[in-house]
Amino acid sequence: MTAADTGRCLCGHYRYRVEAPPLWVAYCHCESCRRATGSPAPCYTGFPEHAVHFDPAPPPTFASSPPVRRSFCEHCGTPLSYAAEFFPGELHLFRSNFERPGAYEPTRHVLFNEHEADFDIHDDLPRYGTEPGRIIAWGPRPALRVLFLCRQNSARSILAEAILNLRKARLGDRRVRAHSAGSEPAGEIDPGALALLSPHRYRLDRARSRSWDFFTTDEAPTIDWVITLCDEVAAEPCPAFPGDAGRRHWGLPDPATGAATFEDTWAAIEQRVDGFLEELGAR
Ligand SMILES: [Zn+2]
Ligand SMILES: [Zn+2]
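Using our numbering, the letters of the sequence shown map in sequence onto residues 238 to 520.
In structure tokens:
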């Protein structure tokens with residue numbers, strides 16, 4: 238996710254720009270959100286109010302269920318925002334209205350006690366009821382998460398993330414899921430890496446170059462393994478990630494500098510990933 242991102246309503250009359258990272262990203266299952274949006278679980282992104290700029294002007298708001306105020310585009314009906322006294326200083330936007338919704342990864346379900354009983358959810362995110370700190374129900378167990386790190390998070394760690402996710406491995410009843418980040422993220426994925434990912438129909442909206450700081454926040458999923466892929470990052474003091482992650486270092490030459498081909502890098506990572514999964518006993 239970049240510092241400034243944009244979204245719009247269906248007809249394009251309203252556009253907005255956000256100039257801060259989201260405070261949180263969550264699915265809400267409450268009845269009023271379901272009715273107001275026509276969706277079984279609208280996904281919200283919470284922002285500091287001052288970081289959201291509407292063009293040409295903020296849409297009109299309605300006291301939909303006081304003290305909640307919601308806004309809609311009066312031309313196409315798209316729900317645009319949510320604000321309430323009990324979220325002071327926050328404006329909530331919809332993930333689906335962003336140009337790149339995949340940049341906003343949901344981390345939880347809220348008001349799950351009101352969910353539509355036959356709406357089947359297969360993710361492994363925690364589900365909260367009216368008491369925010371208390372998980373009321375789990376779906377599948379949380380995934381076993383592996384974080385790949387290299388300096389720029391634009392080639393090696395992106396490929397490793399994709400290769401591990403493409404394996405769709407499981408350890409018992411847990412999915413094995415990969416993430417990636419960098420100490421000095423380039424903000425873009427190297428075209429050589431993109432070219433290798435495309436034929437695999439890998440979800441490219443998931444692949445992004447971002448800072449490892451994200452994984453130190455409360456919003457980030459707990460990481461079980463941290464694997465460094467370049468010697469620079471392995472030598473740097475790593476931030477403390479929540480949880481008690483195991484460490485591995487796979488030093489690989491950087492294809493972005495021409496020190497190796499992208500194809501060779503892909504093959505080398507595949508070999509390491511398969512060895513790692515075997516070591517874990519994953520299948
Ligand atoms: Zn509109
Ligand atoms: Zn709601």
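Built from N, CA and C at the ideal position, the CB exists for glycine as well.
Which residue comes first and which comes last in the alpha helix (DSSP H) that contains residue i?
i	result
Ser-276	First-last for Ser-276: undefined, no H or E at that position.
Arg-509	499 to 517
Ala-472	468 to 472
Considering Cα atoms alone, identify which of the options is closest to residue i.
i	options	result
Glu-473	Phe-299, Pro-490, Gln-508 and Glu-421	Glu-421
His-329	Arg-272, Ala-263, Phe-356 and Trp-449	Ala-263
Gly-410	His-290, Arg-371, Asp-360 and Ala-423	The residue you asked about is not Gly; residue 410 is Asp in the sequence shown. For the residues His-290, Arg-371, Asp-360 and Ala-423, the minimum Cα distance to Asp-410 belongs to Asp-360.
Ser-391	Ala-399, Ile-426, Pro-295 and Tyr-341	Ile-426
Mind checking which residues open and close the beta strand (DSSP E) that includes residue i?
i	result
Trp-462	462 to 465
Phe-299	298 to 302
Tyr-242	Looking at the sequence itself, residue 242 is Asp, so the reference to Tyr does not match. Start and end: 242 to 245.
Asp-292	289 to 292
Tyr-253	252 to 255
Phe-309	305 to 309
His-266	Here His-266 belongs to no beta strand (DSSP E), and DSSP marks it neither H nor E.
Arg-485	483 to 486
Straight-line CA distance for residue i to residue j?
i	j	result
Ala-406	Pro-297	48 Å
Pro-259	Cys-248	24 Å
Ala-430	Ala-477	28 Å
Pro-458	Arg-485	19 Å
Arg-252	Asp-292	5 Å
Ile-395	Arg-445	8 Å
Glu-515	Leu-466	19 Å
Arg-414	His-346	19 Å
His-250	Ser-318	15 Å
Ala-418	Phe-499	19 Å
Glu-507	Ile-460	21 Å
Pro-379	Leu-408	11 Å
*Please go through the segment 366 to 440 and give each complete beta strand (DSSP E) segment of 3 or more residues, from N-terminal end onward.*
372 to 374, 381 to 387 and 411 to 419
*asked:* Which runs of the beta strand (DSSP E) at least 3 residues long sit entirely within the segment 314 to 338? Give them in chain order.
replied: 316 to 321 and 327 to 331
_Three Cβ pairs or more, each shorter than 8 Å: is that satisfied between the segment 354 to 364 and the segment 302 to 310?_
no
*asked:* Does the contact criterion of 3 or more C-beta pairs under 8 Å hold for the segment 431 to 440 versus the segment 346 to 359?
replied: no
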